[in-house]
Amino acid sequence: MTTIDYSVWDHIEVSDDEDDTHPNIDTPSLFRWRHQARVERMEQFQKKGEDLEKAVAECKRKLAEVQKRTRELGGSATDDAKAELSRLQAEEKQLKKEERSWERKLEEHRREEKKMPWNVDTLSKEGFSKSVVNIKPEVKEETEEEKEEKHRTFVEKYEKQIKHFGMLRRWDDSQKYLSDNPQLVCEETANYLVIMCIDLEVEEKHALMEQVAHQTIVMQFILELAKSLKVDPRGCFRQFFAKIKTADQQYQDAFNDELESFKERVRGRAKIRIEKAMKEYEEEEKQKRLGPGGLDPVEVYESLPEELQKCFDEKDIQMLQDAISKMDPTEAKLHMQRCIDSGLWVPNSRTEEGGDKEEKEEETEKEKQ
Numbered sequence: 002m003t004t005i006d007y008s009v010w011d012h013i014e015v016s017d018d019e020d021d022t023h024p025n026i027d028t029p030s031l032f033r034w035r036h037q038a039r040v041e042r043m044e045q046f047q048k049k050g051e052d053l054e055k056a057v058a059e060c061k062r063k064l065a066e067v068q069k070r071t072r073e074l075g076g077s078a079t080d081d082a083k084a085e086l087s088r089l090q091a092e093e094k095q096l097k098k099e100e101r102s103w104e105r106k107l108e109e110h111r112r113e114e115k116k117m118p119w120n121v122d123t124l125s126k127e128g129f130s131k132s133v134v135n136i137k138p139e140v141k142e143e144t145e146e147e148k149e150e151k152h153r154t155f156v157e158k159y160e161k162q163i164k165h166f167g168m169l170r171r172w173d174d175s176q177k178y179l180s181d182n183p184q185l186v187c188e189e190t191a192n193y194l195v196i197m198c199i200d201l202e203v204e205e206k207h208a209l210m211e212q213v214a215h216q217t218i219v220m221q222f223i224l225e226l227a228k229s230l231k232v233d234p235r236g237c238f239r240q241f242f243a244k245i246k247t248a249d250q251q252y253q254d255a256f257n258d259e260l261e262s263f264k265e266r267v268r269g270r271a272k273i274r275i276e277k278a279m280k281e282y283e284e285e286e287k288q289k290r291l292g293p294g295g296l297d298p299v300e301v302y303e304s305l306p307e308e309l310q311k312c313f314d315e316k317d318i319q320m321l322q323d324a325i326s327k328m329d330p331t332e333a334k335l336h337m338q339r340c341i342d343s344g345l346w347v348p349n350s351r352t353e354e355g356g357d358k359e360e361k362e363e364e365t366e367k368e369k370q
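Heads up, the sequence shown is in the numbering used here, so the first residue is 2 and it goes up one at a time.
So this is what it looks like as structure tokens:
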């Protein structure tokens, strides 16, 4: 059996009305001052704990955003994307350091809270309304592999419903559909909608992309509202729709600004993906063109002197021989070897061509006879 720790009862400030007061001091007033001072100290201590918890949560939120942005840029080949990725990695490192620092301060604060003596105010509170012993354990952060597997499983199960939600337009339709499918109110849906937007932009379906982008921001606003309220997103999406349908101009502007910003990010990401695909296609085509010596005939042709290029354009072997004979032997040998390695020139093709020509001439002579 686990033993109960009674040490918390060793130091208790039961009352403010001690007997050792001076006869010339108004005792009731002194008791009130003492009590008020202690209450203020308790409130300050509590506020400090709340501020530390907010700082930890805010740091985690920023870190999650940076990590998400880093994943989006991973594999980008442009100089701007590489520079942005380097900046984000440095920011991620700094945020992790800040996170550890805030968590240490919070743990220290909790240890101080355990050591604080009880008094008449804390003893008279409703039993077990707050526990300083059984601290809620932090949720273990998922690994990238676990997140990917969770996302894949969710999409396989609900892909059709997510796509349907992405095509909705009216607030009421979206709210009703989420009421019928509350499992969609989650991070996995938002992530899939982002990918869906990029795919549509790559396919040049711009109007459809903008429609799905609207629903993506709807889902992200719901998730942000849930974080601020510290509740399950499935329990607050109705509050979002009630707020957005009667929103003041400032809230509506914030939604529209985020929507426009998101669409610009989608266009930028789609552009990067297209550029990457084009480079891969060009590389594949280049590999197909490579000659027996592993050289690209296009690159070799463009590197040839103009007089040699003209020979290949005219497909004139005699012209090529004349041009080669006029060049420095070392340079001529280098160019011809590169032409052979790229497949622009096949050494025995001329002999074969000459043989074929002689055979055709002999057949013609026989026909005349």
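From the three backbone atoms N, C-alpha and C, an ideal C-beta is built for every residue, glycine too.
Checklist entry - What do you reckon, are the CB atoms on L86 and L64 nearer than 7 Å? => result no
Checklist entry - How about the region 277-288 and the region 205-218: do they share at least three Cβ pairs that are nearer than 8 Å? => result no
Next on the checklist: Suppose you measure from the CA of Y159 to the CA of L185; what does that come to, to the nearest Å?
Outcome noted: 8 Å
Item to check | Nearest-angstrom Cβ-Cβ length linking E73 and R339, presumed shorter than 8 Å | outcome: With 8 Å as the limit, E73 and R339 do not qualify as a contact, their Cβ atoms being about 42 Å apart.
Item to check | Endpoints, the alpha helix (DSSP H) within which T331 is located | outcome: 330-343
Checklist entry - Once you ignore the five residues that flank Q240 on each side, which residues in its own chain have a CB closer than 7 Å to its CB? => result L226
Item to check | C-beta atoms of F155 and A214 nearer than 7 Å | outcome: no
Item to check | Between the CA atoms of M43 and K161 - distance to the nearest angstrom | outcome: 53 Å
Next on the checklist: Measuring straight from C-alpha to C-alpha, what distance separates L53 and K106?
Outcome noted: 7 Å
Item to check | Selected residue, minimal CA-CA separation from Y252, among L194, K228, F222 | outcome: F222
Item to check | Same chain, Cβ closer than 7 Å to E92, neighbours up to 5 away in sequence not counted | outcome: V67
Next on the checklist: Assuming C312 is part of the alpha helix (DSSP H), what are its boundary residues?
Outcome noted: 307-315
Checklist entry - Counting pairs of beta carbons, one from the region 339-348 and one from the region 293-304, are three or more of them closer than 8 Å? => result yes
Next on the checklist: For R170 and V195, I'd like the C-alpha separation in whole angstroms.
Outcome noted: 17 Å
Next on the checklist: For E332 and E308, what's the separation of their Cα atoms in angstroms?
Outcome noted: 14 Å
Item to check | 6 Å Cβ shell around H110 - same chain, five flanking residues per side excluded | outcome: G50, L53
Checklist entry - Which class does K327 belong to by DSSP, given the choice of helix, strand or coil? => result coil
Checklist entry - In three-state terms, what does DSSP make of L89? => result helix
Checklist entry - On the three-state DSSP scale, how would you describe W346? => result coil
Checklist entry - Between which two residues does the alpha helix (DSSP H) containing T301 stretch? => result The identity of residue 301 in the sequence shown is Val, whereas the question assumes Thr. Per DSSP, V301 belongs to the alpha helix (DSSP H) from 298-304.
Next on the checklist: Using 7 Å as the threshold, is the C-beta distance between W218 and E188 below it?
Outcome noted: Looking at the sequence provided, one finds Ile at residue 218 rather than Trp. No, Cβ-Cβ distance for I218 and E188 is not below 7 Å.
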